[in-house]
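*Asks:*
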Ligand SMILES: Nc1ncnc2c1ncn2[C@@H]1O[C@H](COP(=O)(O)OP(=O)(O)OP(=O)(O)O)[C@@H](O)[C@H]1O
Ligand SMILES: Nc1ncnc2c1ncn2[C@@H]1O[C@H](COP(=O)(O)OP(=O)(O)OP(=O)(O)O)[C@@H](O)[C@H]1O
Ligand SMILES: [Mg+2]
Ligand SMILES: [Mg+2]
C-alpha cells in the first residue's frame, strides 16, 4: 500500500458559488519518494495539501473523493484517529510561515509541545529536541534563539522553525507547502538537502508544493502540474521538465527566470496580460536621489538579548530606479525595509527623502509622506485585516487621499486587482478566502493604489508561480517607467532580482557586504558570500541538481 | 463512490454574497439562536413600549394597593398560592402592598431597559474612546488616561452621586441623570479591555499598512481596530447591562433614582431580597427577567460578534463537527 | 523596570492627590450637616456650633485641605478633652463621627477587606476562566449552554440573595459550616479560611460571569487565528488548543479586568461584608459617606486608589510578560 | 419594690428556673459605637449600657405596663422634690462600688453630668441642658473647670439639682446614663468609651472595633444587695454587632451552639421573616412581642400652602387609608393603627380619640367635601417628603400607600424621597421644612411630657438648629398646659392631663397619626426569663438567664 493514495479529490468552498477549488485530483506517493506539485497561484495546491490531513473538516469546505494517508482513511477517520495521524505520521509545513506560529510562546516551546504530543518525552528532552532540530534547519545559536518569540524572528527564520517542527516528529510523510519562499538560496539549498537526506535515511515521503520549478527540479522524483484545480500533467520530474507535453507546462517552464539572464532581455512572459516591460531609460547613480539612507542602524532589545538587526547601512534609491536587496535570511532586510518607509524608528543614522530628513520625524509629521512611501509586506496574511474585505483594504489609500467617490474607488480598485492578476469580482471577499499567492498580490495592489513615489517590496513574488511572477514584475516595471517610481526589491530569488533590478545590494548580518550594478554583482561578485549565493541557485535540470548537491555535501564535509 | 463520500461538513448556507452588508446579514441569519435572541429582545422592548396597553389588558395598574390580597397578620404575604397568581393578577401581587406584579413588571421594563441601555451606551462610548486613545497614544497620553481611569475606579459611586445631587437641579429628568451617573462611573472595564486589545493589535502588519495609507490615528482606530475590538466590547457591554439595571436601584436609595411609585426591575429586585423564602415569586420574577434580558443580549451579542468576524463564520465550528469513535 | 516603577510611583501620587481633591470637591458642593450629625439630633444650636469649632468645620475648604495634607506629611494633634492626642504622620485625620483616627481605623479594617478581596478574586478568576475554558472546549454543546446560563444567572442574582441562600443551606440546614464570623488570619488561619469560604464563594458566583464570557470570547477569536491551525495540524488535541494556545491569547483582557476588580474590591464590598459580618472597609465607607464623615471617606478612597494603581501596575507587568510585543510604558 | 418572679413565667418559652452562669450572646446590627455615658442617648438607661452603668433611677424591669414605671437605682428613692418641683435631692445607697472597688460618690455623678456638656462628648438628650440652671451656657468640665453650680453635692451621699422651672418628671430623666458616676481621675475624655468604669453588674473586658465586639464579665464589686433591678444571671455577656439583620434572624431561628443562648437588642423581625416565623410553631414560641412608645405620623407645616388651610389638613386626615399604611409597614402584627398622637399606653396618659374618623380604609368622600369647602374642588397637587431608608416607617412604601389613598380623594401626591441625612436636614430645619412629610417620634421615657412638648410646645421651636415642632405650633394655651403639668410630681395625675392635652392638640389637625410599631424579636432556645417592658419594648438582657 502506498503512503498516500488520493483519488477523485474535489474541494469546494461554500462562498465560491459552486466552483470547485480542486476538481478530480488523483495521485499516489510511495514511502521515500517525493512528489512535487507545481502550478499557478490559486490552482488548489494548498487546498489539496490540507485535505491530506483532513484540515478542511469543520470549516465549511466540502471535500469529496477518497484520501488515504499512511493507512488512514482521512475522510472517514474519527477525530482521535486524525489526531494520531497528524504530526506523527504526516506533518505539514504551512505556506504562511509568519502567521503560523503562536505569538505568545517561545519557538522552542512550540516545537517541544508538538513533539510531546506524539512521544512520551519529558519536557526537558522535548526542549533538547527542539534545539536540535532548530540547529538542523540552520538557526544560528539555536539554544539561545529557541527562547525567542516568533515576532523576534525574521521571516526565513520562522519558516525554518516550521520545518523544524515538522521534522521534530520524524513523520513518514512531510507535506511542505512552499517551504522555502522566505529563504535565501544558500539556506534554501541547505533545507532542500536536509529533506533529501531524510528521504533517503528514514524513508520519509515528501509532498512538495511549490511554484518554483527550480526547487522542484532539485528535490522531487515525480511532478504534478496543476491548473485551476485540475491536473494538467504528471510524471517523472526529468520527463516533465525536459519534455513537457502540455502547452501550460511549456508556458510555465519558459517563464522561469534565469539567474544568468541579463535584465536587458527580460524573460518573455507568454500569456501574461499587459505589456511586456521595456527597460526604462536609466540614470542610475545620477541626479537627485529619491531616498538616501546614511549609516542606518537598528537594535532590538537590551542587555544580553540585544540584537543588532541593521548595522550602519547606507544606500540611495533614485527616481525610476530599482534597488534589489538580497541576502541571508535574518540579515536585516525586512528591518531595513521597514525603516526606509519609516514604520520602524531607526536607532541610528539618517534618512533623507526628497531633500527632507525623515529619519526622526514624529508619526504626525510623517503623515504627508506616508502615501509616497509604500511597502509590500513579507507576510501577506498579517498585512491584511482579516475583518475587512480585500477590496476595502486596497481602497484605503484612495479613501485617505479623499478625492474619489465610492463607485470610482471601486472601479479603480477593481482595475488594480485585475492588473495584479486577481478576479476583480472578488472585491468583497475576505483575506482568508484567498490562496497565499493571491494575498500577496492584494498587498501589491494596495501599495500601488497609494500612487507612491517609492515602494519597498519585501519578497513580493515569493509565493507566486513563475507566470504570475512575471506578470507582477512586469507590472511594477511598467509603472516604474510610467511614473518614475523608485523601487526597493527585497527577494531571495536571485534570478528575479537580477531580472528587475538596476542595482543590487547584498546583505549579511545587518551590513551591506557588496553593492553595485546588477551586472557587476552577478557577473563579477567580489564578496565571498555573494559568490556562495550565486552558487546555490537551484538548477532547472534534476541531473545537474544531483551533482551540485553532492558538491555541497563535500564542501560541508570538508 | 466519490459522490457518495461527499460530506457536507457544516451547515452554513451557501449563497453568493453581493456585498459586505448582505453577507453580514447572511452570517447573522445563519445563527438561529441569534435570531431567537433578537426576537426576545424585541419583545422585551415591545413590552416596555406597550406597558400601559398590556396592563390595561390585564385590567390592572402598577400603583393601586390591594390591602385585601395580602395577609396582614403574617407580615403581608400575598394570599393564595404562588404569590397570589390569579386570573386578575397574572404574576401575583407584591407583598405588603398588594400591587399587581404584572403591571409593575411591564412598567418597570421601561425604566430598567431604557436606563440600562442609555447607561451602557455611554459606558461603551467613553470606554472605547479612552481605551483606544490610551492604547494608541504615546506614553504620556497612555499614562494620563490610565491614571484618570484609576481615579474613576477608586471613586465610590456614592461620592459621584452626592456631587451630582448637589449640582443637578431637582427637576432634571431622573432617568437621564441616572444614565449619566452610571455611565460616568462604569466605563473603566471597557476602557481597560480596549486598551489591552489595542496594545496587542497595534503591532500587527495590517495596522502598519493602514498607517502607510496615510490614515490618521482616528481613521486607523475606526477601520483597523474597532472591528477587532467589537467582539470583546460587545461581550463586555452585554455584561454591564444587568449591573446597570441594579445600580439604578442603589442610586434611588441616595435619592438620585427613579421616584416611587414608578416601578423598576432593579428596585423590585432590591425590595424583594428578604422575601426569597416567604414570597419566592416576588424575587424570582425580576431576577428571571433580568436573567432573560442578559441571556438574550448575550446570545444576540454572540451572533453579532460572529457576524462581524468573517473568519469565525466559517471556522467557528472547527473541531466541533467531530466524528465520534466508530462503533467497532 | 526601575524607570517603570518610578513612573508608576509618580502616577500613584497623582491619582491619590486627585482623588482627595475630587472627594473634597464633592463634599464641598454637597455639604451635609456634619456638626449636627456628630453632635446628635437634639443638640442645641450652641452645642452644634461648639462641635463645629472643635472639628474646624468653619475653616475655608482649602484650609481644611491644607490641614489634611499637613496631617499626612507631618502629623496632627487632637484634643480628647482631658489631654492631647498626637496623630502621627501619615495622619489621615480623625473621624468626625466617632473620634477614631482614620489611619488606625483603616489599618484595622484592611486585613479583613484584603482577606475577602484576595480570596474571592482568586476564586472568581478560577471559576470564571475555568468556565470560559470549558464552554469553549465544549462549544456548541449542551455543556456550553448550561455553563453560559449558570454564569449569567449568577450575575443576575444579587450577591445578598446568593449569600443568604448559602448561609441557609450550609449553616442552617446542613450545618456544615459555622455562621460566618471573621477570624483574623494571624489568629487562626484555618478558621479564617473556613469562615471566609462562603463570602468568597458568593462573590465568586456573582462575579465570575464577565471573566467567563471574556475568556470565551477572546479564546474563540484566537481559535480563528492561523497559528492555531498549525497546532491542530500537528495533532494537538482540542483541549490542548483551547487550554494552551487560545487561553494565552485571552489573558490580556482577563488581566486588565482582574486588575480593575481587585483594585476596587479594596474599596470594600458592602453587602458581602455586612451579610457575613466581615469588619472591612466597605460598610465603613458607606456609613462615612452617609454621615458626611469627610476624613474617613477621603482616607478610604485613598486606600482604594492606592490598590487600584498597584493592581494596574502589576497587571501591566503581567500583560507585558504574557505578550512580549507589548512594552512597558 | 419590683417583683421579679412575675417576669420569669411571662413570655418565656423555655421552662425551668433561671440560674446563674453561662454566656449570653447578643447578636446586634448596630455596634455600641458610643460607650461613653455622656454620649449615650438612651431610654431608661439602655439595654447593654445598663449592664455597666448604674444611674440615679432606672426603669422597672418587669413585663408589660408595669415595666413603664421608674424605680430607684443608685439612689435610695425617686428623689425628693422641693415644693414647686424645681429642686430635686437624691441620696445614694450604701456600699456602692466601681469595678476597681473604690466607692461611688455623689461628686462622681455630678462630674458625669458635667462631662456631658463638653463639646467633645456631645450626643446625649437635651433635658439636662434645658432644665438645669446655667445649663444652656455651660461648656463642660474641660473648658469650664468651675463646674455647674446648679448641681450641689453637700456630702458624698447627697446630690441636689436646681432647675430653672418645675419638672415633675425629673425622676424619669435621672434614668439616663448621664447620671452615671464617672470618677474624674479615670476620665480619659473621648477615649473613655474604650473602657468605661463599671458601676453595674458587668465590666468591660473586651471592646474591639469601636464597639463591634464587646465582652462583659462579672464586676465582682457589684453587690446584688444594692441593686434590685438587675438579675445578672449569665457569667459572661458576649455582644457581637455589625451583623446583618437577616443573618441575626437566621441565626436566632437556627439557634445552633452558642446561638441557643443568644438574643438581640436591636433587630426586629421584618415582614418577610415574620411570615416565615409565624408558619413555624416552634419558632413562633420563641418570638417576644413588645411595645415601645412610638408614633409614626404625617407632619404638616402650616407655613407652607395649602397646609395653612385647616380644611386641607383635615381632608388629608380623613383620606388616609390606615390599612394600606399598616400593610406597607409590615402588616397588623408589626404595626397598630394610631388615631392619637400618644402611644396606646397608660403611662403616657393615652386617652382614645379619633378626631377625623377615616375608618379602616379612609373616607374619601368626606375628604373631597372638605377640599371643596377649602376651594380645591378640582383637586390638589402636593408633595410628600419621605426618607429612602428601608425602615418601614418613613420609607417609600408608606409614602406610596398615602399617595394611593389620597388619589381617591382627588389629591395628587408627588413624592420626594431623600437619603437619611438629607432627609433629616430638610425636615428638621425650619428654613427648608417641607409642608407635608412622614416622620415619627419616640419616647425618651414613658410619659406624655417628652412626647408632646418637643413636638407641640411653641417655646421648643428651634430657629437655627434641628427643630421637632414641625407644625411650628405656638399656642399659648398649649404652652401653658405643658407648664402646668410639669409642675405635677404625681405622675399618674400628670398622665391624665397629658392625655387630655393630646386630644386637644389632635383636633387642630397639625399631624396625622398613622401607626405605632410593634416589636417582634426572636431569641434562642436556651434563653429563659424573658422580660419585655412597655418602656423599651425589647427583651431586657439584665433579666435573661441562659442556664
Ligand atoms: N476559505 C476559502 N474560501 C473560499 N475560497 C477559498 C478558500 N480557501 C481557498 N480558496 C480558493 O481556492 C482556490 C485554491 O486555493 P489554494 O490556497 O489551494 O491555492 P494555491 O494553489 O495554494 O495557490 P498559491 O500558490 O497562491 O498559494 C483559490 O482560488 C482560493 O481563492
Ligand atoms: N522585534 C524584534 N525583536 C527582536 N529581534 C528582532 C525583531 N525583529 C527582527 N529581529 C531580528 O533581527 C534580525 C533581522 O531580521 P529581519 O526580519 O530584518 O531579517 P530578514 O533579512 O528580513 O530575514 P528573512 O529573509 O528571513 O525575512 C533577525 O535576527 C531577527 O531575529
Ligand atoms: Mg497555496
Ligand atoms: Mg524578512
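Chains as they are written, first to last, in the numbering used here: chain A, 1028 to 1585; chain B, 145 to 472; chain C, 31 to 359; chain D, 1261 to 1807. Cβ atoms here follow ideal geometry from the backbone N, Cα and C, with glycine treated the same way.
Measure the C-alpha to C-alpha separation of residue 1368 of chain D and residue 1457 of chain D and round it to an integer number of angstroms.
*Replies:* Going from the Cα of residue 1368 of chain D to the Cα of residue 1457 of chain D covers about 11 Å.
*Asks:* Buried or exposed: which applies to residue 1594 of chain D, given that a residue is buried once 16 or more other Cβ atoms fall within 10 Å of its Cβ?
*Replies:* Buried.
*Asks:* Cβ of residue 1496 of chain A versus every heavy atom of ligand 1: is any distance shorter than 7 Å?
*Replies:* Answer for residue 1496 of chain A: no, Cβ out of range of ligand 1.
*Asks:* Do you know offhand how far residue 373 of chain B's Cα is from residue 433 of chain B's?
*Replies:* In a straight line, the C-alpha of residue 373 of chain B is about 29 Å away from that of residue 433 of chain B.
*Asks:* Would the C-beta of residue 1361 of chain A count as close to ligand 4, meaning under 7 Å from any of its heavy atoms?
*Replies:* At least one heavy atom of ligand 4 is nearer than 7 Å to the Cβ of residue 1361 of chain A, so yes.
*Asks:* Check each residue of the stretch 267-301 of chain B: if its Cβ is closer than 8 Å to any Cβ of chain D, include it; give the result in chain order.
*Replies:* The stretch 267-301 of chain B vs chain D, Cβ under 8 Å: nothing.
*Asks:* According to a CB-to-CB cut-off of less than 9 Å, which residues of the stretch 207-223 of chain C neighbour chain D?
*Replies:* If the cut-off is 9 Å between Cβ atoms, the stretch 207-223 of chain C has 208, 209, 210 and 211 near chain D.
*Asks:* With DSSP collapsed to three states, give me the class of residue 1189 of chain A.
*Replies:* In this structure, residue 1189 of chain A counts as helix in the three-state DSSP scheme.
*Asks:* For residue 131 of chain C, list the residues DSSP reports as bridge partners.
*Replies:* Its beta-bridge partners are C:124.
*Asks:* I'd like the list of long-range same chain contacts for residue 147 of chain B, defined as Cβ closer than 6 Å, with 5 residues on each side in sequence excluded.
*Replies:* Unreliable placement is indicated for residue 147 of chain B, whose pLDDT of 31 sits below 50; the coordinate value is still reported in the next sentence. So the list is empty, once near-sequence residues are dropped.
*Asks:* Compare the C-beta of residue 1502 of chain D with all C-beta atoms of chain C and state if any pair is closer than 8 Å.
*Replies:* Closer than 8 Å to some Cβ of chain C, the Cβ of residue 1502 of chain D qualifies, so yes.
*Asks:* Under a criterion of Cβ closer than 5 Å to any non-hydrogen atom of ligand 3, which residues qualify, in chain order?
*Replies:* Cβ-based neighbours of ligand 3 within the cut-off: A:1073, A:1122, A:1462 and A:1463.
*Asks:* Count the other C-beta atoms from every protein chain shown that fall within 10 angstroms of the C-beta of residue 1295 of chain A, then say buried if there are 16 or more, exposed otherwise.
*Replies:* Any reading at residue 1295 of chain A needs caution, since the residue's pLDDT is 38, under 50, leaving its predicted position unreliable; the model's value is listed next. Looking at its Cβ environment, which holds fewer than 16 other Cβ atoms inside 10 Å, residue 1295 of chain A is exposed.
*Asks:* What is the residue span of the beta strand (DSSP E) that residue 1332 of chain D lies within?
*Replies:* It spans 1330-1332 - the beta strand (DSSP E) in which residue 1332 of chain D sits, taken as one unbroken run.
*Asks:* Kindly list the residues whose CB is nearer than 7 Å to the CB of residue 1651 of chain D, restricted to its own chain and excluding five residues on each side of it in sequence; keep chain order.
*Replies:* Around residue 1651 of chain D: no qualifying Cβ.
*Asks:* Using a Cβ cut-off of 8 Å, which residues of the stretch 1119-1132 of chain A contact any Cβ in chain C, in chain order?
*Replies:* Here the close residues are 1119, 1121, 1123, 1126, 1127, 1128, 1129, 1130, 1131 and 1132.
*Asks:* Using alpha carbons as the reference points, say which of D:1491, D:1319 and D:1419 lies closest to residue 1350 of chain D.
*Replies:* Nearest option by C-alpha distance: D:1419.
*Asks:* Would you please verify whether the beta carbon of residue 329 of chain C is less than 8 Å from any beta carbon of chain A?
*Replies:* Answer no: the Cβ-Cβ gap between residue 329 of chain C and chain A never drops below 8 Å.
*Asks:* Short of 7 Å in beta carbon distance, which residues of its chain neighbour residue 1029 of chain A, apart from the five on each side in sequence? Order them along the chain.
*Replies:* Only 1055, 1056 and 1057 meet the Cβ criterion.
*Asks:* Taking the beta carbon of residue 186 of chain B as the centre, do at least 16 other beta carbons fall within 10 Å, making it buried, or is it exposed?
*Replies:* Exposed: under 16 other Cβ atoms inside 10 Å.
*Asks:* What does residue 376 of chain B reach in chain C if we use C-beta pairs closer than 7 Å?
*Replies:* In chain order: 244, 247, 248 and 283.
*Asks:* Below 9 Å between beta carbons is the criterion; list the residues of the stretch 1338-1349 of chain A that meet it against any residue of chain B, in chain order.
*Replies:* So nothing in the stretch comes that close.
*Asks:* Using beta-carbon positions only, say whether residue 380 of chain B and residue 185 of chain C come within less than 8 Å of one another.
*Replies:* Their beta carbons are not under 8 Å apart, which means residue 380 of chain B does not touch residue 185 of chain C by this criterion.
*Asks:* Can you confirm whether residue 1099 of chain A, when its beta carbon is compared against all beta carbons of chain B, has any partner nearer than 8 Å?
*Replies:* So, not an interface residue.
*Asks:* Candidates D:1372, D:1523, D:1633 and D:1584: which alpha carbon is nearest residue 1574 of chain D's?
*Replies:* Cα-wise, what sits closest to residue 1574 of chain D is D:1633.
*Asks:* According to the Cβ coordinates, are residue 1450 of chain D and residue 1381 of chain D closer than 8 Å?
*Replies:* Taking 8 Å as the Cβ cut-off, residue 1450 of chain D and residue 1381 of chain D qualify as a contacting pair.
*Asks:* Evaluate contact between the stretch 234-241 of chain B and the stretch 415-433 of chain B, counting only Cβ atoms and requiring at least three cross-stretch pairs below 8 Å.
*Replies:* Yes, since at least three Cβ pairs between the stretch 234-241 of chain B and the stretch 415-433 of chain B fall closer than 8 Å, the two stretches touch.
*Asks:* Using 8 Å as the limit for Cβ to Cβ distance, is residue 1534 of chain D near chain B?
*Replies:* So yes, residue 1534 of chain D belongs to the interface.
*Asks:* With three or more beta-carbon pairs closer than 8 Å as the criterion, would you say the stretch 1408-1415 of chain A touches the stretch 442-455 of chain B?
*Replies:* Contact holds: three or more Cβ-Cβ distances are below 8 Å.
*Asks:* Is residue 1492 of chain A close to ligand 6? I mean its beta-carbon at under 7 Å from any heavy atom of the ligand.
*Replies:* As presented, the structure is devoid of ligand 6, carrying ligand 1, ligand 2, ligand 3 and ligand 4 as its sole ligands.
*Asks:* Alpha carbons only, please: which of A:1122, A:1165, A:1272 and A:1428 is nearest the one belonging to residue 354 of chain B?
*Replies:* The candidate whose alpha carbon is nearest that of residue 354 of chain B is A:1428.
*Asks:* Can you have a look at residue 1744 of chain D and say buried or exposed, based on whether 16 or more other CB atoms are within 10 angstroms of its CB?
*Replies:* It counts as exposed.
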